[in-house]
Amino acid sequence: MLHLTIDGVSINVPAGTTVLEAARGMGEYVPTLCWHPNLTPANACRACVVEIEGSRALVSSCSRQAEDGMVVKTKTERVHNARQVIAELLTSTNNTASAGDLQELVSHTAANTLRFAGGETWEQPLRDDNNLFVRNYDACILCYRCVEACGVDVQNTFAIAVAGRGFDAHIDTGFDRPLPESDCVFCGNCVEVCPTGALLDKKEYELRQSGRWEEQDITTTRTTCSYCGVGCELELHVMDNQVVKVTSPEDNPITHGMLCVKGRYGYEYVQVHEDITEPAP
Ligand code: SF4
Ligand code: SF4
1 MLHLTIDGVS INVPAGTTVL EAARGMGEYV PTLCWHPNLT PANACRACVV EIEGSRALVS
61 SCSRQAEDGM VVKTKTERVH NARQVIAELL TSTNNTASAG DLQELVSHTA ANTLRFAGGE
121 TWEQPLRDDN NLFVRNYDAC ILCYRCVEAC GVDVQNTFAI AVAGRGFDAH IDTGFDRPLP
181 ESDCVFCGNC VEVCPTGALL DKKEYELRQS GRWEEQDITT TRTTCSYCGV GCELELHVMD
241 NQVVKVTSPE DNPITHGMLC VKGRYGYEYV QVHEDITEPA P
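Reminder that position 146 of the sequence shown reads as 146 in this note's numbering, one-by-one numbering, no gaps.
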């Protein structure tokens with residue numbers, strides 16, 4: 001066990017615990033945007049910064065492991081200012097209406113979302129090039145989660161990466177090809193981890209566009225995927241007696257919320273009620 005102090009309170013945590021886990025374990029509010037429990041910390045958003053005695057710069061708590069004798073401060077003015085500016089910069093360039101965690105950061109830091117308004121924005125056409133999910137990079141905050149899910153953390157497909165530098169940095173399929181022409185295998189794991197709604201299942205996107213996505217009317221039922229012997233746990237999201245989305249629980253020890261294309265998107269057949277009398281051509 002390690003002994004450290006967070007905001008003046010002494011605590012003991014097991015070795016290997018991050019500062020973020022230790023602080024949240026005590027009930028402290030430490031916001032995160034790029035951090036995801038099942039992905040390697042990318043240190044991209046800096047929303048989780050804290051002060052650590054002896055460190056000149058603010059430290060990302062999601063990737064910094066707790067150390068014996070560490071003195072951490074999560075609520076100083078410096079920390080608050082850093083988080084507030086992050087929220088103000090992101091909301092000035094992006095369409096963040098659907099980014100729940102970012103909206104929470106805005107309200108928690110009382111960020112002025114108009115502070116940097118009027119500058120350059122990251123406006124992008126909707127990329128709607130396949131039947132399974134759409135990409136709306138207007139809402140992308142470059143958290144890197146999708147890249148990590150597509151790469152070594154989960155899928156090992158490497159269909160997407162961050163291209164460009166500075167303000168031009170963006171998620172790219174390689175020469176901005178349509179997804180069907182890229183290496184994408186349409187597992188949808190990037191959609192699963194996207195925190196802003198920049199990536200959205202096509203069905204959900206269409207229902208939202210037509211005003212028919214009613215979150216409060218959606219029920220979820222857990223079941224087992226029947227496609228192969230792995231038997232992944234699925235969550236069927238059902239609205240009006242129709243499956244509208246399939247996910248897997250984030251805390252499932254086998255899937256960690258990730259699925260393949262069949263489990264995530266191969267569900268339409270369960271709601272086709274006509275008799276099939278001939279094999280498909
Ligand atoms: S759907 Fe899967 S393979 Fe395609 S970009 Fe997303 S994570 Fe990569
Ligand atoms: S598309 Fe989503 S997951 Fe990917 S970098 Fe942008 S906000 Fe993050």
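Note that beta-carbon positions come from the ideal geometry of N, C-alpha and C, so glycine has one too.
Are there any heavy atoms of ligand 2 lying less than 7 Å away from the beta-carbon of residue 196, as far as the coordinates show? yes
What residues come near ligand 1, if near means a beta carbon less than 6 Å from any of its heavy atoms? 149, 150, 155, 157, 159, 160, 184, 185, 186, 187, 188, 189 and 190
What does the Cβ neighbour count give for residue 276, buried or exposed, with the cut at 16 atoms within 10 Å? exposed
Would you check whether ligand 2 has a heavy atom nearer than 7 Å to the C-beta of residue 207? no
Selection from 234, 210, 240 and 51 that minimises the alpha carbon distance to residue 218: 240
In angstroms with no decimal places, state the Cα-to-Cα distance between residue 268 and residue 178. 24 Å
Any heavy atom of ligand 2 closer than 7 Å to the CB of residue 269? no
Would you check whether ligand 2 has a heavy atom nearer than 7 Å to the C-beta of residue 199? yes
Output the distance between the C-alpha atoms of residue 59 and residue 73, rounded to the nearest integer angstrom. 10 Å
Alpha carbon to alpha carbon, what distance is there between residue 109 and residue 236? 35 Å
So, residue 189 versus residue 139, is the Cβ gap smaller than 8 Å? no
Taking just the CA atoms, how far does residue 173 sit from residue 156? 14 Å
Does the distance between the C-beta of residue 45 and the nearest non-hydrogen atom of ligand 2 fall short of 7 Å? no
According to DSSP, what are the bridge partners of residue 12? 3
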